[in-house]
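Colleague:
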Amino acid sequence: MQRSFWEKKAQTFPRFKKGAEDTLEILTFFQDQGVDFRDKVVFDIGCGNGRFALEIAFLAKKVIGSDISTNMLAFLEEDAKTLGLDNIRTLHTDWVDFDVASLEEKIDIAFASMTPALNNKQGLLKAINLSEQGLCYVGWGRLRECEFLAKILSQHNITLLLPKGLPNVLEWLQEEGYKQPKYLYRKADFTYQAPIQKAIDDIVWHVSIHEGEPNLHLIEEYVRQNERDGQITYTHSREVGIAFIPKKSSKKA
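Set out below in structure tokens:
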């Protein structure tokens, strides 16, 4: 079911923008921790439509991007071609089922950003052990607030969830005897704006991803009550957590 949700989401997901400030700030954090993408083979887990994979590809020897959504990967491949990047390979796979041993090349650096694939300890450890150097991790932080979404979700008896993220990752690493990595919490608020029908479709998606049954009449009424000049606009307050988790030096002897 998750696969179908992300196939649908891909249709309206923001496309890659080279040199986006927030993307470069996150990559700079990793570079400050000694991560050097130049001439490396990088594996991006849950790469989506390539926000990081494409940016890293300008530096790396090769980028392998995996995702459960064929639509996301198709957009990534399309943008790579437009950008003249021929060092990207995509894999349509679920991280849980992916056989690491099937890889033909050595992976230098693993990368994962805002992916449900690492929402459990097993998925996280698999990602850390994938590469020679370690994992560049970007996930949810300690905050997610959105009054607009919270209200319509509550009418479906759903609470807007803060997904598992860096706080959980730090706990799992401690449980497994890893040293605490250097990490950063970063505000990542954004303003959502969309025409009425897209706003309706997005709310349907949010209800579904929270494992609820969308009440289309209720959603349409809610959107029309809140539209201004045919647009829906609201603020989503959130925080992301960023950490580089080294493979070789993280476990205690």
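Residues in the sequence shown are numbered from 80 upward in steps of one, following the working numbering. The beta carbon of each residue, even a glycine, is placed where N, CA and C say it ideally should be.
Between A278, T102, R317, R221, which has its C-alpha nearest S132's C-alpha?
Modeller: One-based indexing of the sequence shown puts residue 132 at position 53. Per the sequence presented here, residue 132 reads as Ala, with Ser not at that position. Ranking A278, T102, R317, R221 by Cα distance to A132 puts T102 first.
Colleague: Leaving aside the five residues before and after S210 along the sequence, list all residues of the same chain whose C-beta is less than 7 Å from its C-beta, in chain order.
Modeller: Position 131 of the sequence shown, counting from 1, holds the residue named residue 210. Around S210: F122, I186, D187, I188, A189, K326.
Colleague: Going residue by residue through the segment 226-304, where are the continuous beta strand (DSSP E) segments of at least 3 residues, counting only ones entirely within it?
Modeller: Those beta strand (DSSP E) runs which fall completely within the segment 226-304 and span 3+ residues are 262-266, 269-274.
Colleague: Let me confirm a value: S233 is counted as buried when at least 16 other C-beta atoms fall within 10 Å, else exposed. Which label applies?
Modeller: Here residue 233 corresponds to residue number 154 of the sequence shown, with the count starting at 1. It is exposed - the Cβ of S233 has fewer than 16 other Cβ atoms within 10 Å.
Colleague: Based on the DSSP secondary-structure assignment, which residues constitute the bridge partners of T169?
Modeller: For this step, residue 169 is matched to residue 90 along the sequence shown. Partner(s): G144.
Colleague: Determine the direct distance from the alpha carbon of D115 to that of K330, and round the result to whole angstroms.
Modeller: The residue you call residue 330 lines up with position 251 of the sequence shown. The residue you call residue 115 lines up with position 36 of the sequence shown. Bear in mind that the predicted position of K330 carries a pLDDT of just 44, short of 50, making it too unreliable to give a figure here.
Colleague: Could you give the distance in angstroms between the alpha-carbon of M80 and the alpha-carbon of Q201?
Modeller: By one-based count along the sequence shown, residue 80 stands at place 1. By one-based count along the sequence shown, residue 201 stands at place 122. Annotation note: pLDDT 47 at M80 (below 50); position unreliable, coordinate value reported separately. If you take the alpha carbons of M80 and Q201, they lie about 21 Å apart.
Colleague: Please work out which residues of its chain come closer than 7 Å, Cβ to Cβ, to A206, disregarding the five sequence neighbours upstream and downstream, and give them in chain order.
Modeller: In the sequence shown, counting from the first residue as 1, residue 206 sits at position 127. Closer than 7 Å at Cβ, skipping near neighbours: I124, A189, A191, L197, L214.
Colleague: Can you grab the Cα-Cα spacing for the pair N208 / I324, in whole Å?
Modeller: By 1-based counting over the sequence shown, the position of residue 208 is 129. By 1-based counting over the sequence shown, the position of residue 324 is 245. Cα-Cα distance, rounded: 10 Å.
Colleague: Let me make sure I understand the geometry here. Which of A159, A267, F95, G256 has the alpha-carbon closest to that of L204?
Modeller: Taking the first residue of the sequence shown as position 1, residue 204 is located at position 125. For L204, the nearest C-alpha among the options comes from G256.
Colleague: Measure from the alpha carbon of V319 to the alpha carbon of each residue in L222, I275, Q276, H296, then state which is nearest.
Modeller: Position 240 of the sequence shown, counted from the start, is the residue given in the question as residue 319. Closest by alpha carbon: L222.
Colleague: In chain order, what residues of the same chain lie with their CB nearer than 7 Å to the CB of R94, ignoring the 5 residues before and after it?
Modeller: Within the sequence shown, numbered from 1, the residue matching residue 94 stands at position 15. Cβ neighbours of R94 beyond the five flanking positions: N128, F154, D158.
Colleague: Per DSSP, F323 forms a beta bridge with which residues?
Modeller: Locating residue 323 in the sequence shown gives position 244, counting from the first residue. C215.
Colleague: Tell me which same chain residues have a C-beta within less than 7 Å of the C-beta of I279, skipping the five on either side of it?
Modeller: Residue 279 sits at position 200 when you count from the first residue of the sequence shown. Closer than 7 Å at Cβ, skipping near neighbours: I298, E299, V302.
Colleague: Should P242 go down as buried or exposed, given a rule of 16 or more other Cβ atoms within 10 Å for buried?
Modeller: Taking the sequence shown and counting its residues from 1, the one referred to as residue 242 is at position 163. Answer is exposed; the Cβ neighbour count stays below 16.
Colleague: Which of helix, strand or coil does DSSP assign to A189?
Modeller: As a position in the sequence shown, residue 189 is number 110, starting the count at 1. Strand, per DSSP.
Colleague: One question on the structure: do V175 and K141 come within less than 8 Å of each other, judged by their Cβ atoms?
Modeller: Locating residue 175 in the sequence shown gives position 96, where the first residue counts as 1. Locating residue 141 in the sequence shown gives position 62, where the first residue counts as 1. No, the Cβ-Cβ distance between V175 and K141 is not below 8 Å.
Colleague: Roughly how many angstroms separate the alpha carbons of F227 and T314, rounded to a whole number?
Modeller: Translated into positions along the sequence shown, residue 227 becomes position 148. Translated into positions along the sequence shown, residue 314 becomes position 235. Distance between the alpha carbons of F227 and T314: 8 Å.
Colleague: Excluding the 5 residues preceding and the 5 following A237 in the sequence, name in chain order all residues of the same chain whose CB lies nearer than 6 Å to its CB.
Modeller: Here the question's residue 237 lines up with position 158 in the sequence shown. Sequence check: residue 237 is Ile here, not Ala. Excluding residues within five positions, the ones whose Cβ falls inside 6 Å are H289, G291.
Colleague: What residue from C225, A229, L239, L249 has the CA that sits closest to V217's CA?
Modeller: Residue mapping note: residue 217 aligns to position 138 of the sequence shown, counting from 1. Considering only alpha carbons, the answer is L249.
Colleague: May I have the straight-line CA-CA distance separating T312 from Y271, to the nearest angstrom?
Modeller: By one-based count along the sequence shown, residue 312 stands at place 233. By one-based count along the sequence shown, residue 271 stands at place 192. Cα to Cα, T312 sits roughly 5 Å from Y271.
Colleague: So, for D268: in the same chain, excluding its five sequence neighbours on each side, which residues have a beta-carbon less than 7 Å away from its beta-carbon?
Modeller: Your numbering for residue 268 matches position 189 in the sequence shown. Closer than 7 Å at the Cβ level, and outside the excluded window around D268, lie T314, H315, S316, R317.
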